[in-house]
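A.B. asks: For the sequence shown, full-length UniProt numbering gives the first residue as 1, with consecutive numbering after it. The C-beta atom is built at its ideal place from N, Cα and C for all residues, glycine as well.
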Amino acid sequence: MSASNDGLLQKWLEQSANAGTAGPGTPDPAQRAKEITDKLKNDFQDAWDKLKTSLSKGEASEITKLCHKQVKWNTDPRPGGNESFEREYKKDLCAGLMGIRYFMSGITELGGNTRDAKIEENLPEDKWFARCTVGMLALSEIYGDHCKLNEVIEQISDRVEWTLAQRLKGHMYMMKKCEGKVDAIDLFIGRTILQDQIRNWAEGKRASGTRSGAWRVGTLWGNRWKQVCNGGKGTTKMEDERKKENLKTNASSMTKLMKLDSIPAGSSHAVSIGDILVDTDNKYATKEDTLRQVFQDVMQNDSSGPLNIGQVMEKLKKETETTTADVCIKGENDLCKRLKCMENYLEATKTITGAQTTPTNTFWEDNGAVKALWEELAEEMKKTDGKAKDGTPNGCEALQNPSDKTACNYLHAGFTELYTTPTPAASSSATTATPSVLNNPSFRQTMGCFLLHAYAKHMKEKATCLIDDGIKQAFDTAGQGKSGNGDIPCKWEQEKYDSCNININGVAGQGGSAKDKVDAVLKADKDNIDKMAKQINTVTDLCDQVKCVTTRWMKDKANNGGNDRTWNDVWDQVKEQIKELAAGTTEDKKSAVSSICSKLSKDSDGKEACLLIAAGLKNLYDIKDDQNGVDAVKASFQRTMRCVLLNAIADKLQDDKFPCKDEKKTKEGIEKAFGQSATIMGQGEGCRNGNVTCFKCERMTLEKLKDCNLDSPGTTQNVKEKVDDLLKNGGQDEMKKIKDNAIKDIC
Numbered sequence: 001m002s003a004s005n006d007g008l009l010q011k012w013l014e015q016s017a018n019a020g021t022a023g024p025g026t027p028d029p030a031q032r033a034k035e036i037t038d039k040l041k042n043d044f045q046d047a048w049d050k051l052k053t054s055l056s057k058g059e060a061s062e063i064t065k066l067c068h069k070q071v072k073w074n075t076d077p078r079p080g081g082n083e084s085f086e087r088e089y090k091k092d093l094c095a096g097l098m099g100i101r102y103f104m105s106g107i108t109e110l111g112g113n114t115r116d117a118k119i120e121e122n123l124p125e126d127k128w129f130a131r132c133t134v135g136m137l138a139l140s141e142i143y144g145d146h147c148k149l150n151e152v153i154e155q156i157s158d159r160v161e162w163t164l165a166q167r168l169k170g171h172m173y174m175m176k177k178c179e180g181k182v183d184a185i186d187l188f189i190g191r192t193i194l195q196d197q198i199r200n201w202a203e204g205k206r207a208s209g210t211r212s213g214a215w216r217v218g219t220l221w222g223n224r225w226k227q228v229c230n231g232g233k234g235t236t237k238m239e240d241e242r243k244k245e246n247l248k249t250n251a252s253s254m255t256k257l258m259k260l261d262s263i264p265a266g267s268s269h270a271v272s273i274g275d276i277l278v279d280t281d282n283k284y285a286t287k288e289d290t291l292r293q294v295f296q297d298v299m300q301n302d303s304s305g306p307l308n309i310g311q312v313m314e315k316l317k318k319e320t321e322t323t324t325a326d327v328c329i330k331g332e333n334d335l336c337k338r339l340k341c342m343e344n345y346l347e348a349t350k351t352i353t354g355a356q357t358t359p360t361n362t363f364w365e366d367n368g369a370v371k372a373l374w375e376e377l378a379e380e381m382k383k384t385d386g387k388a389k390d391g392t393p394n395g396c397e398a399l400q401n402p403s404d405k406t407a408c409n410y411l412h413a414g415f416t417e418l419y420t421t422p423t424p425a426a427s428s429s430a431t432t433a434t435p436s437v438l439n440n441p442s443f444r445q446t447m448g449c450f451l452l453h454a455y456a457k458h459m460k461e462k463a464t465c466l467i468d469d470g471i472k473q474a475f476d477t478a479g480q481g482k483s484g485n486g487d488i489p490c491k492w493e494q495e496k497y498d499s500c501n502i503n504i505n506g507v508a509g510q511g512g513s514a515k516d517k518v519d520a521v522l523k524a525d526k527d528n529i530d531k532m533a534k535q536i537n538t539v540t541d542l543c544d545q546v547k548c549v550t551t552r553w554m555k556d557k558a559n560n561g562g563n564d565r566t567w568n569d570v571w572d573q574v575k576e577q578i579k580e581l582a583a584g585t586t587e588d589k590k591s592a593v594s595s596i597c598s599k600l601s602k603d604s605d606g607k608e609a610c611l612l613i614a615a616g617l618k619n620l621y622d623i624k625d626d627q628n629g630v631d632a633v634k635a636s637f638q639r640t641m642r643c644v645l646l647n648a649i650a651d652k653l654q655d656d657k658f659p660c661k662d663e664k665k666t667k668e669g670i671e672k673a674f675g676q677s678a679t680i681m682g683q684g685e686g687c688r689n690g691n692v693t694c695f696k697c698e699r700m701t702l703e704k705l706k707d708c709n710l711d712s713p714g715t716t717q718n719v720k721e722k723v724d725d726l727l728k729n730g731g732q733d734e735m736k737k738i739k740d741n742a743i744k745d746i747c
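(1) Hey, is the segment 656 to 665 in contact with the segment 684 to 699, meaning 3+ C-beta pairs nearer than 8 Å?
(2) Can you list the alpha helix (DSSP H) stretches of 4 or more residues lying completely in the segment 483 to 522, in chain order?
(3) Taking its Cβ as the centre, do 16 or more other Cβ atoms sit within 10 Å of tyrosine 173, making it buried, or is it exposed?
(4) Starting from threonine 322, follow the alpha helix (DSSP H) in both directions and report where the run begins and ends.
(5) By how many angstroms is the C-alpha of alanine 478 removed from the C-alpha of lysine 248?
(6) Closest to asparagine 528 by C-alpha separation, out of Lys634, Lys382, Asp724, would be which residue?
(7) Does DSSP put aspartate 656 in a helix, in a strand, or in coil?
(8) Alanine 117 lies in the alpha helix (DSSP H); which residues open and close that run?
(9) Going by C-alpha distance, which of His412, Gln654, Met136 is nearest leucine 747?
(10) Below 8 Å on the Cβ atoms is my contact criterion, and I expect isoleucine 738 with threonine 585 to pass it. Report the Cβ-Cβ distance as a whole number of Å.
(11) Considering only C-alpha positions, which residue in the set Ile142, Pro489, Gly512, Thr255 is nearest to aspartate 196?
(12) DSSP three-state call for leucine 466: helix, strand or coil?
(13) Considering only their Cβ atoms, is the gap separating isoleucine 670 from glycine 616 smaller than 8 Å?
(14) What are the partner residues of threonine 255, as DSSP defines its beta bridges?
(15) So, using beta-carbon positions, are methionine 254 and leucine 277 closer together than 8 Å?
(16) For the candidate residues Asp326, Ile36, Lys226, Ala514, whose alpha-carbon lies nearest to that of aspartate 289?
(17) Is leucine 110 helix, strand or coil by DSSP?
(18) What's the call for alanine 3, buried or exposed, on a 16-neighbour Cβ count within 10 Å?
(19) Measure the CB-CB distance between leucine 726 and lysine 575 and report whether it falls below 8 Å.
(20) Does the beta carbon of alanine 251 fall short of 7 Å from some heavy atom of the ligand NAP?
(21) Can we say the segment 94 to 111 touches the segment 151 to 166, given the rule of at least three CB pairs closer than 8 Å?
(22) Note the first and the last residue of the continuous alpha helix (DSSP H) segment covering glutamine 10.
(23) What's the gap between the Cα of aspartate 740 and the Cα of glutamate 608?
(24) CB-CB under 7 Å to lysine 387, same chain, minus the five flanking residues each way: which ones, in chain order?
(25) Measure the Cβ-Cβ separation of glutamine 15 and glutamate 161 and say whether it is below 8 Å.
(26) Please name the residue or residues paired with asparagine 709 in a DSSP beta bridge.
(27) What does the Cβ neighbour count give for glutamine 577, buried or exposed, with the cut at 16 atoms within 10 Å?
(28) With methionine 447 and leucine 373 assumed to form a contact (beta carbons below 8 Å), what rounded beta-carbon distance in angstroms separates them?
(29) Does asparagine 401 pass the burial test, meaning 16 or more other C-beta atoms within 10 Å, or should it be called exposed?
(30) DSSP on valine 630, reduced to helix/strand/coil?
(31) In three-state terms, what does DSSP make of valine 526?
(32) Assuming glutamate 668 and aspartate 605 form a contact by the criterion Cβ under 8 Å, report the distance between their Cβ atoms to the nearest whole angstrom.
(33) Please report the residue range of the alpha helix (DSSP H) in which tyrosine 143 lies.
(34) Alpha carbon to alpha carbon, what distance is there between lysine 330 and tyrosine 89?
(35) Run the CB neighbour count on alanine 130, radius 10 Å, all protein chains shown included, and call it buried at 16 or more, exposed below.
(36) Specify the secondary structure class of tyrosine 284 as computed by DSSP and reduced to three states.
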């Protein structure tokens, strides 16, 4: 969003900003900033006072001639189309538009009986900035919500220049003073200074209507607009709807009258001048104190001489870009589009600064703002250890699945920190990145939402259980921000995140997508990610573990031709694990775990029972991800089911029917092996090097799983009953082999 060197604001700064000082000696920056801001306010107020006075009077005679006699108005010929009303409406609308056009050409309408006009021949150069900007804002605020505006502009456009030329003989240059000159920054400043003054005045005149509302404002509205634009129906709701429709329609039309660029070169969010003109909520404005601070900051940086106008222009452009990006973000419901608003802002501010090290690069680089924000969020998540912060209920406790609860608690902590306004000390940790970028709440919350989407996706991939409910719960609650605080809500939209391919325009060779950059930030923080993933996968109850992995495996469509699996598929797969476990507990497999049971020197100490169970544990921990078609989900499912089956084998070794259970101390041997389960896991080919999807298989009798129903609240998929049935029927041959070998080796 740029202004040329000979723009209206630039000229005003050159002529007005250095006119006053705080007195002799080194001028006080705060005082000078106040003087400059006051001068700006006075100029705008003076311009608006003149224009509203002019519009309250009867139009100049040549305007009457043009609008009432020279133009043959196109009107609606339909029966009941209020043709006469429409013709008169267009005449008066034309007169209003021409009044503003005269004002923006340095002509003051005098009204009265003469209906004459005065050329402001000696209008100082610095007064044009306010005059041109106020004229455009008045055009929008007074006439922007009128229907048929474009039709009127189209019909008078050929005659406007001629009429003005007749009036401005000898002063033709004044016709061009505002044409094509008003840009977004000018409107931004104008809205900031005048706020709602123009709109409030226009509403007051409209309310007065034909009584004292000024012919071209109140009468046009009360006696014409309602008939032509609202079909004669005067309900407030219908009027408001029509006004909104007209504003939207007229966004580009109003720029035609003054030949303004619809989208200025260098604009960041493809926001048009028309968009800013029809801003009825003053979104494209800032606080007056912010303007004053811009002047003060520049003077504090260089108080030795005149105001550095180049720096002022740069700061004002950046302030405008920031506001525009903020409006863009708050106007979008889609996360990817919000991120695009931010990326456009970064690209635009790169253009403004012209620096080799661009805001885009420093924002995304290794020690930039994105990484700093992730570290801030990750630190708060890590502190909770997957539990509710300070033990305060947060909604996650209602979830049944332990992994869901943990994932929800992590994300809840992340969101709580995200929606906390950063302190200056915290923001300074962004090293080379401009701290101000993510100090803006809209920017911070947009980027944080994107980061937490990436984190949630990583956790889903690493989780052995389905954690969708936990993710959704966190996004639906903490992800909504603080009520009434203007926070940007963060909705869980994985599909939109996955398809978001916004490119980052950095220096040559350093591009890529925003998603790639964020993924890289998270992958670089592998230790933290793995610790949190391990905590999410920590399920202490074997029944919960079986439920988790079974549900995840059944819904793993990606590795099952796009289809869910059935309960029959589950138990068929469990039956296969009996064979695998039998093969893993043979005599030759026991040698690999001999050290585990080495302290049991004699068979009578339970050594053989220990070796059998230890070999079974080694067998399940050897299951690798992504080997021979065994993906991470399937591997977790197989490890868990072999753990259940190994406990069933342990039950057999401790059963009274086992011939030498007391003599050979099978219970002690079993306990010894399970007691070393973590050590064996560290040696397993599939679980060494900290595989976060592995869990420690511990001793639990099948009897303790008698209430473990995988189809809860149903009872048809009871773990104990199903496993007992498998061992008696489909897997009885394999189980008999295991038992026979155990009797031979142990007894």
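C.D. replies: Quick look at the numbers:
(1) Segment contact: the segment 656 to 665 against the segment 684 to 699, fewer than three CB-CB distances shorter than 8 Å; contact not assigned.
(2) Correct list: 494 to 498.
(3) Residue burial annotation: tyrosine 173 is exposed, with fewer than 16 other C-beta atoms found within 10 angstroms of its C-beta.
(4) The continuous alpha helix (DSSP H) containing threonine 322 extends over residues 309 to 330.
(5) When rounded, the separation of the alpha-carbon atoms in lysine 248 and alanine 478 is 35 Å.
(6) When C-alpha distances from asparagine 528 are compared across Lys634, Lys382, Asp724, the shortest belongs to Lys382.
(7) DSSP places aspartate 656 in coil when its eight states are reduced to three.
(8) Counted as a single uninterrupted DSSP element, the stretch harbouring alanine 117 is not any alpha helix (DSSP H) but the beta strand (DSSP E) occupying residues 116 to 119.
(9) The sequence shown places cysteine at residue 747, not leucine. For cysteine 747, the closest of His412, Gln654, Met136 by C-alpha to C-alpha distance is Gln654.
(10) About 6 Å; that satisfies the 8 Å criterion.
(11) In this structure, Ile142 is the residue among Ile142, Pro489, Gly512, Thr255 with its C-alpha nearest to the C-alpha of aspartate 196.
(12) Three-state DSSP puts leucine 466 in coil, outside helix and strand.
(13) Glycine 616 is not a Cβ neighbour of isoleucine 670, given a cutoff of 8 Å.
(14) Its beta-bridge partners do not exist; DSSP assigns none.
(15) At the C-beta level, methionine 254 and leucine 277 come within 8 Å of one another.
(16) Nearest C-alpha to aspartate 289: Ile36.
(17) In the structure shown, leucine 110 sits in a strand (DSSP, three-state: E or B).
(18) Residue placement at alanine 3 is flagged as unreliable, the pLDDT there being 42, under the threshold of 50; the coordinate-derived value follows with that caveat. Buried, by the Cβ-count rule.
(19) Yes.
(20) Absent from the structure shown: the ligand NAP. Ligands present: none.
(21) Put simply, the segment 94 to 111 touches the segment 151 to 166. At least three CB pairs are less than 8 Å apart.
(22) Taken as a continuous stretch (DSSP letters only), the alpha helix (DSSP H) holding glutamine 10 covers 8 to 12.
(23) Spanning the two alpha carbons is a distance of roughly 13 Å.
(24) If we look at lysine 387 and ignore the five residues flanking it on each side, its Cβ neighbours are Asn409.
(25) No, the Cβ-Cβ distance between glutamine 15 and glutamate 161 is not below 8 Å.
(26) Partner(s): Asn718.
(27) By the Cβ neighbour-count rule, glutamine 577 is buried, with 16 or more other Cβ atoms within 10 Å of its own.
(28) Right, the Cβ-Cβ distance comes to about 6 Å (below 8 Å), so this counts as a contact.
(29) Answer is buried; the Cβ neighbour count reaches 16.
(30) Looking at valine 630 - three-state DSSP - the assignment turns out to be strand.
(31) According to the sequence shown, residue 526 is lysine rather than valine. Looking at lysine 526 - three-state DSSP - the assignment turns out to be helix.
(32) Between glutamate 668 and aspartate 605, the beta carbon gap of about 7 Å places them in contact (Cβ cut-off 8 Å).
(33) Segment 127 to 143, the alpha helix (DSSP H) holding tyrosine 143.
(34) One C-alpha to the other measures close to 37 Å.
(35) Flag for alanine 130 reads buried.
(36) Under the three-state reduction of DSSP, tyrosine 284 is assigned to coil, being neither helix nor strand.
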